[in-house]
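Each residue of the sequence shown is one higher than the last, beginning at 0 in numbering that gives the first Met the number 0. In this text, a Cβ means the ideal position worked out from N, Cα and C, and glycines have one as well. See below for the structure under consideration.
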Amino acid sequence: MDKLLIALDLPTGGEALQLADTLRGSVGGFKIGNQLFTAEGPVIVRTLAAKGDRVFLDLKFHDIPNTVARAVAAATSLGAWMMNVHAAGGLKMLEAAADAARKTATEEGRPMPRVIAVTVLTSMNAQNIAQTGIGGTVIEQVSRLARLAQRAGLDGVVASPQETSVIRALCGEEFDIVTPGIRGGAAATAKDDQERTMTAKEAIEAGASYIVVGRPVIAAPDPREAAERIADEIRSARR
Ligand code: C5P
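Below is the structure:
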């Protein structure tokens with residue numbers, strides 16, 4: 000199931016590779032985040048990419064345009080299929096990111112990676128964003144940054160389930176929306192630290208291009224069976 004991405008939120012490369020081996024064929028790719036990348040380095044990305052896996056490198060780059068461009072170029076050379084940057088880095092930084100991905104992929108004869116943006120972290124509420132000097136509601140800021148990412152030529156955004164339908168309406172059908180925070184339905188496990196959740200089916204019906212699922216699969220007694228149940232639920236969605 001192409002639309003189902005699994006967050007390999009595990010402490011070691013060994014455990015991550017083992018889980019990937021278990022799930023390969025049932026899921027659409029694997030997300031590698033800051034914990035695993037910081038602990039194990041780029042070898043984990045290279046290893047999965049060499050096995051033909053789609054790797055979403057979730058390192059949320061946010062720096063001056065030149066530095067982000069170099070980081071995006073490095074991630075492209077590693078074989079990442081998708082990567083992300085913070086939209087709050089501004090138009091120039093976003094354009095530099097999109098440009099670097101295009102240039103590196105062309106020079107190295109690789110498929111173009113998808114570069115997507117984080118808008119507002121889902122851990123932030125109206126009060127938190129006001130403390131950083133940003134007025135208005137969270138959804139206004141999310142919408143503003145999604146449009147900025149699109150204007151810069153990025154491929155999409157990461158969005159919470161609650162934001163997905165608004166962004167889909169705002170940015171059109173071609174824009175990738177990657178939605179974590181999946182619980183309930185076939186992912187009926189503990190809520191963990193996720194607050195405003197949706198089922199996989201609801202998220203796809205709200206307009207998600209991909210969903211990211213971690214603990215409901217990782218912590219399941221049989222991760223492959225858990226992933227297949229979620230994949231079946233996605234297939235049942237009306238889109
Ligand atoms: O275990 P769970 O399904 O909650 O994992 C969701 C994954 O998506 C985690 O890697 C988490 O860091 C990530 N994520 C998220 N919410 C965001 C952005 C990323 O849960 N807004």
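heavy atom of the ligand C5P below 8 Å from residue i C-beta
i: Ser208; result: no
i: Ile181; result: yes
i: Ile138; result: no
i: Gly213; result: yes
i: Lys30; result: yes
i: Ile217; result: yes
i: Thr198; result: no
i: Glu37; result: Note on residue identity: the sequence assigns Thr, not Glu, to residue 37. Thr37 Cβ: outside cutoff for every heavy atom of the ligand C5P.
i: Val117; result: yes
i: Gln161; result: no
i: Asp191; result: yes
i: Glu165; result: One point to set straight first is that residue 165 is Val, not Glu, in the sequence displayed. Result no, Cβ not under 8 Å from the ligand C5P.
i: Lys66; result: The amino acid at residue 66 is misidentified as Lys; the sequence shows Thr. Outside the cutoff, so no.
i: Val157; result: yes
i: Thr11; result: no
i: Ala202; result: no
i: Asp175; result: no
i: Val3; result: Reading the sequence as shown, one finds Leu at residue 3 and not Val. No, the beta carbon of Leu3 sits no closer than 8 Å to any heavy atom of the ligand C5P.
i: Thr121; result: yes
i: Ala185; result: no
i: Ala205; result: no
i: Ala79; result: no
i: Asp231; result: no
i: Ala6; result: yes
i: Asp221; result: no
i: Asp57; result: yes
Enclosing beta strand (DSSP E) for residue i [first to last residue]
i: Val177; result: Asp175 to Thr178
i: Ala116; result: Arg113 to Val117
i: Ile5; result: Leu3 to Ala6
i: Gly155; result: Gly155 to Val157
Rounded distance between the beta-carbons of residue j and residue i, thought under 8 Å
i: Met81; j: Arg113; result: 4 Å
i: Ile166; j: Leu3; result: Rounded, the Cβ-Cβ distance is 20 Å, inconsistent with contact.
i: Ala38; j: Pro10; result: 7 Å
i: Leu93; j: Ala151; result: 3 Å
i: Pro41; j: Leu77; result: 5 Å
i: Glu232; j: Ala199; result: 5 Å
i: Phe60; j: Ala48; result: At roughly 19 Å, the Cβ-Cβ gap does not stay under 8 Å, so Phe60 and Ala48 are not in contact.
i: Gly28; j: Asp52; result: 6 Å
i: Glu162; j: Val141; result: 5 Å
i: Arg228; j: Ile203; result: With a Cβ gap of about 15 Å, Arg228 and Ile203 do not count as contacting.
i: Thr121; j: Gly180; result: 7 Å
i: Arg223; j: Asp191; result: 21 Å between Cβ atoms; not a contact.
i: Ala97; j: Leu153; result: 6 Å
i: Ile5; j: Val212; result: 6 Å
i: Ala205; j: Ser159; result: Not confirmed; about 10 Å, so no contact.
i: Val54; j: Ala79; result: 5 Å
i: Val137; j: Ala116; result: Actually they are not in contact, since the Cβ atoms of Val137 and Ala116 sit about 15 Å apart, beyond 8 Å.
Delimiting residues of the alpha helix (DSSP H) encompassing residue i
i: Ala145; result: Val137 to Arg150
i: Ile128; result: Ala125 to Gln130
Residue-chain proximity (residue i, chain D), Cβ-Cβ < 9 Å
i: Ala96; result: Considering every chain present, this structure includes no chain D. It has just one protein chain.
Go through the region 15-97 residue by residue and report every complete run of the alpha helix (DSSP H) that reaches 4 residues or more, in order.
33-39, 42-49 and 64-77
If we require 4 or more residues per run, which alpha helix (DSSP H) segments fall completely within the region 170-234?
199-205, 214-217 and 222-234
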